[in-house]
Amino acid sequence: MIIAPSLLNSKLYEFEKNQEIFQKNGITELHIDVMDGNFVPDQANGPKLIRDIRPLSNLYFDIHLMISSPERKIENYLDTGADGITFHIEATSDSMYIVNTLKNANIDASVAVNPGTSLNAIEELLPKINRVLIMTANPGRSEEQFHLECLEKIKKLNRIRKDKGYKFVIQSDGKVDNKVITSLKESGCDHIVSGGYIFNHKSPGRQIQNLIKELDK
């Protein structure tokens, strides 16, 4: 399982220091949330920031667009150095346009599904996308807990993937910590995003190791 720390919960002035911690702990991906203050209440990051930090890291940049109407703004992110870009199915009226735009730019296409959204909403995209992000807490709501019912959604998605022979990766984001990571793996999740658990602690490296230890049990 791949662990992707979330930039949102880290301090930007420690970005280069954190790269060393990531390297020591075998981290290969960085999750970067973009918020517009509309689809979610807060605002964070944007294409300029991503361009600015891209030269400072050799990690896979996984950009998570928590923005309204991403089909109107997707082209702003094509030259940021992103390796993969995720959009929310709940936020767009033209999901296929986004997927095709990303594919044409040689960027991995990923779709996110909120806890209350059915997998039926992304059914037509599954043959084409590289990744499905299952939100295990509603985006922009820091007070929420991990939605245990989303484990069943991951299991169902994993069955669909096996039955249809699809190649997409299953990722989870939202209150992921050492208490739930094993259940996520057993449900069929391939990648997890963890932010607060890693960075709301004086030793991010130790927190990453705690996640790895749980997976090794």
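Quick note on my numbering: the sequence shown kicks off at 46 and runs consecutively.
Idealized CB from N, CA, C, for every residue including glycine.
State buried or exposed for residue i, treating a residue as buried only when at least 16 other CB atoms are found within 10 Å of its CB.
i    : result
R176 : buried
Q190 : exposed
L101 : exposed
D248 : Correcting the residue identity first, residue 248 is Ser in this sequence and not Asp. Exposed is the call here.
L193 : exposed
G82  : exposed
E74  : buried
G129 : buried
S217 : buried
Can you tell me where the beta strand (DSSP E) holding residue i begins and where it ends?
i    : result
L164 : Run containing L164: none; DSSP gives neither H nor E here.
F106 : 105 to 111
E74  : 74 to 81
P100 : Counting along the chain, P100 falls outside any beta strand (DSSP E), and DSSP gives it neither H nor E.
Go through its chain and collect everything with a Cβ distance to residue i's Cβ below 6 Å, but skip five positions before and after it.
i    : result
E259 : N223, I226, T227
F84  : M111, I112, S113, A136
K69  : none
Between residue i and the rest of its own chain, which residues show a CB-CB distance below 7 Å, the 5 nearest in sequence each way excluded?
i    : result
K200 : S232, G233
V214 : N175, R176, D235, H236
A127 : I95, F106, I108, I152
N63  : S55, P249
Considering only C-alpha positions, which residue in the set the options is nearest to residue i?
i    : options                : result
V79  : H246, S102, S217, L53  : L53
R99  : E116, E61, T131, K220  : E61
I205 : D218, G241, E168, N183 : E168
I179 : N203, D261, K173       : N203
N90  : N255, D128, I72, S51   : S51
G219 : I243, K212, Y211, K207 : I243
K148 : L170, V221, H133, C195 : L170
L164 : E197, H246, T146       : E197
V238 : I134, G210, I77, Y58   : I77
P160 : I143, V144, N183, P86  : N183
List the endpoints of the continuous alpha helix (DSSP H) containing residue i.
i    : result
T227 : 226 to 232
L147 : 140 to 149
I174 : Where I174 is concerned, there is no enclosing alpha helix (DSSP H), given that its DSSP letter is neither H nor E.
So who's on the other strand from residue i, going by DSSP bridges?
i    : result
F132 : L110, V156
M180 : D218
Q88  : D81
H236 : I47, Q216
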